[in-house]
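Enquirer: Attaching a single structure in structure tokens format; questions to follow.
Residue numbers (the working numbering): 6 to 347.
Here is the structure:
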């Protein structure tokens, strides 16, 4: 395929869902951020329902879920809850739903651990190292305060999780709905992001890994400042390409369902490699992570987007370090500078 094909010309209103394949329902939920929605998936079987991802904590979203659970699922119970990864729009209401439905979520190990740290508010020991991380990237005191405020807000957007879950692993087969799905673990956007592929239905629930119109955020995080998530993401995309047919129906967490997975993978990799080439040239003279925003982004980075932007910048810089193309030095104040290798 030379371009993406969108088989649906309409989307469900917020809080509503409709069928996109036998037993596979597209539910759209609002988000209180610039990316103003998330797609969730309801899989119906003869004996119950599976929920894939949950939405962010808000009174509005709880009301939507209560209406769906009370009025839209017939006489069948929800028997499984799958969470693709630990980001707030995906795991936010998982704890609340799990308690309400008396079920434990299905998650990969690293995503469950990360979600538990976030949801159960045990991050305090991480905040000091995170502040050092952002200062080393060029944050001034005002931007550090922005980060601290964001952490405080973030903790209120996810519900506490219990200590129990069902483990998802790469290549595991799950019976969801009336079909068998294979778990495909992808890295880069998150540590162990779980995607689901049904060969029988030719459907791929991709979470955030393979979005149709935007690139997922691929960030270096404070707890692993030398990580190379962009390399992990490239590797995961290549793996997915070998496992999926080109005409698979991709169900993304943002945007419209589409066909053309191989073409989209090529677009994403080409886009990021172009950014890497520009970034390498820009680092002819030493640059901080905050200095490279104009090379990587075609929009102004404000206080609302700077945390994601700094992580994305560092992922590209660390990738170039991994390729031996640039080096990092640190000044007497602990601020990192990146420049072309000798």
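No residue lacks a Cβ here, since even glycine has one placed at the ideal position from N, Cα and C.
What are the start and end residues of each continuous beta strand (DSSP E) run of 3 or more residues lying completely inside the stretch 207-243, in chain order?
Expert: Complete beta strand (DSSP E) runs here, min 3: 208-212.
Enquirer: Assuming residue 300 and residue 162 form a contact by the criterion Cβ under 8 Å, report the distance between their Cβ atoms to the nearest whole angstrom.
Expert: On the chain shown, residue 300 is found 295 positions in, with the first residue counted as 1. On the chain shown, residue 162 is found 157 positions in, with the first residue counted as 1. Actually they are not in contact, since the Cβ atoms of residue 300 and residue 162 sit about 31 Å apart, beyond 8 Å.
Enquirer: Can you list, in chain order, the residues of its chain whose CB lies under 8 Å from that of residue 293, leaving out five sequence neighbours each side?
Expert: Start at 1 with the first residue of the chain shown, and residue 293 comes out as number 288. Here the set comprises 142, 143, 340, 341, 342, 343.
Enquirer: Let me check understanding here. Comparing Cα to Cα, which of 15, 48, 94 lies closest to residue 160?
Expert: To locate residue 160, count along the chain shown from 1; it is residue 155. The option with the nearest alpha carbon to residue 160 is 94.
Enquirer: Could you tell me the boundaries of the beta strand (DSSP E) in which residue 317 lies?
Expert: Sequence index remark: in the chain shown, residue 317 carries index 312 (1-based). Taken as a continuous stretch (DSSP letters only), residue 317 belongs to no beta strand (DSSP E), being part of the alpha helix (DSSP H) at 311-327.
Enquirer: Just to confirm my understanding: we take residue 232, look at its own chain, exclude 5 residues before and 5 after, and list those with CB closer than 6 Å. What are they?
Expert: Within the chain shown, the letter at position 227 stands for residue 232. 225.
Enquirer: Can you give, in chain order, each stretch of the beta strand (DSSP E) that sits fully within the stretch 123-208 and has at least 3 residues?
Expert: Listed in chain order, the complete beta strand (DSSP E) runs (minimum 3 residues) inside the stretch 123-208 are 171-173, 178-181, 184-191, 198-203.
Enquirer: Is residue 263 near residue 10, with beta carbons less than 9 Å apart?
Expert: Here the question's residue 263 lines up with position 258 in the chain shown. Here the question's residue 10 lines up with position 5 in the chain shown. Result yes, Cβ atoms of residue 263 and residue 10 sit closer than 9 Å.
Enquirer: Give the DSSP bridge partners of residue 49, in chain order.
Expert: Mapped onto the chain shown, residue 49 falls at position 44. Residue 49 is bridged to 54.
Enquirer: DSSP three-state label for residue 90, please.
Expert: Here residue 90 refers to the residue found at position 85 when the chain shown is read from its first residue. In the structure shown, residue 90 sits in coil (DSSP, three-state: anything other than H, G, I, E or B).
Enquirer: Exposed or buried, what is residue 55 when buried is set at 16 or more other beta-carbons lying within 10 Å of its beta-carbon?
Expert: In the chain shown, residue 55 corresponds to position 50, counting from 1. That one is buried.
Enquirer: In the DSSP assignment, what residue or residues form a beta bridge with residue 35?
Expert: To locate residue 35, count along the chain shown from 1; it is residue 30. Answer is 42.
Enquirer: Could you tell me how far apart the beta carbons of residue 53 and residue 99 are, in whole angstroms, since I believe they sit closer than 8 Å?
Expert: Position 48 of the chain shown holds residue 53. Position 94 of the chain shown holds residue 99. About 18 Å separates the two Cβ atoms, so there is no contact after all.
Enquirer: Could you spell out the range, first to last residue, of the alpha helix (DSSP H) harbouring residue 285?
Expert: On the chain shown, position 280 is the one that residue 285 refers to. Where residue 285 is concerned, the enclosing alpha helix (DSSP H) stretches over 266-287.
Enquirer: Pairs of beta-carbons, one from the stretch 211-224 and one from the stretch 265-277, closer than 8 Å: are there three or more?
Expert: The answer is yes - the stretch 265-277 touches the stretch 211-224, with three or more Cβ pairs under 8 Å.
Enquirer: Take residue 194 as the anchor and find which of 221, 203, 172, 201 has the nearest alpha-carbon.
Expert: Locating residue 194 in the chain shown gives position 189, counting from the first residue. It is 221 whose Cα lies nearest to the Cα of residue 194.
Enquirer: Just how far apart, CA to CA, sit residue 286 and residue 330?
Expert: Start at 1 with the first residue of the chain shown, and residue 286 comes out as number 281. Start at 1 with the first residue of the chain shown, and residue 330 comes out as number 325. Cα to Cα, residue 286 sits roughly 10 Å from residue 330.
Enquirer: Please name the residue, chosen from 265, 67, 307, 318, that lies closest to residue 1 on a Cα-to-Cα basis.
Expert: Any property of residue 1 remains undetermined from this structure, which presents the chain solely from 6 to 347.
Enquirer: Is the beta carbon of residue 87 closer than 9 Å to that of residue 112?
Expert: Taking the first residue of the chain shown as 1, we reach residue 112 at position 107. Taking the first residue of the chain shown as 1, we reach residue 87 at position 82. Yes, they are a contact pair.
Enquirer: Which same chain residues end up closer than 6 Å to residue 117 when comparing Cβ atoms and leaving out the 5 residues on each side of it in sequence?
Expert: Position 112 of the chain shown, counting from 1, holds the residue named residue 117. Here the set comprises 170.
Enquirer: Between the Cα of residue 96 and the Cα atoms of 134, 73, 41, 165, which residue gives the shortest distance?
Expert: Residue 96 sits at position 91 when you count from the first residue of the chain shown. Looking at the Cα atoms, 165 is the closest of the given residues.
Enquirer: Could you check whether residue 121 and residue 60 sit closer than 9 Å to each other, using their CB atoms as the reference points?
Expert: Residue numbering aside, residue 60 sits at position 55 when the chain shown is read from its first letter. Residue numbering aside, residue 121 sits at position 116 when the chain shown is read from its first letter. For residue 60 and residue 121, no; Cβs fall outside 9 Å.
Enquirer: May I ask you to report which of helix, strand or coil DSSP gives residue 257?
Expert: By 1-based counting over the chain shown, the position of residue 257 is 252. Three-state DSSP puts residue 257 in a strand.
Enquirer: Could you name the residues of the same chain whose beta carbon sits closer than 7 Å to that of residue 260, not counting the 5 residues immediately before and after it, in chain order?
Expert: Against the chain shown, residue 260 aligns to sequence position 255. So the qualifying residues of the chain are 216, 217, 218.
Enquirer: Going by beta-carbon coordinates alone, are residue 383 and residue 181 separated by less than 9 Å?
Expert: There is simply no residue 383 to check, as the chain begins at 6 and stops at 347 in what is shown.
Enquirer: Apart from the five residues just before and just after residue 26, which ones in its own chain have a Cβ nearer than 8 Å to its Cβ?
Expert: For this step, residue 26 is matched to residue 21 along the chain shown. 206, 208, 254.
Enquirer: Tell me the residue span of the alpha helix (DSSP H) that contains residue 103.
Expert: What you label residue 103 is simply residue 98 of the chain shown in a count that begins at 1. That run of the alpha helix (DSSP H) goes 99-106.
Enquirer: Per DSSP, which one or two residues make a beta bridge with residue 83?
Expert: Locating residue 83 in the chain shown gives position 78, where the first residue counts as 1. Paired residues: 54.
Enquirer: Does DSSP put residue 24 in a helix, in a strand, or in coil?
Expert: For the purposes of this step, residue 24 is taken as residue 19 along the chain shown, with counting starting at 1. Strand, per DSSP.
Enquirer: Taking the beta carbon of residue 89 as the centre, do at least 16 other beta carbons fall within 10 Å, making it buried, or is it exposed?
Expert: Residue mapping note: residue 89 aligns to position 84 of the chain shown, counting from 1. So residue 89 counts as buried.
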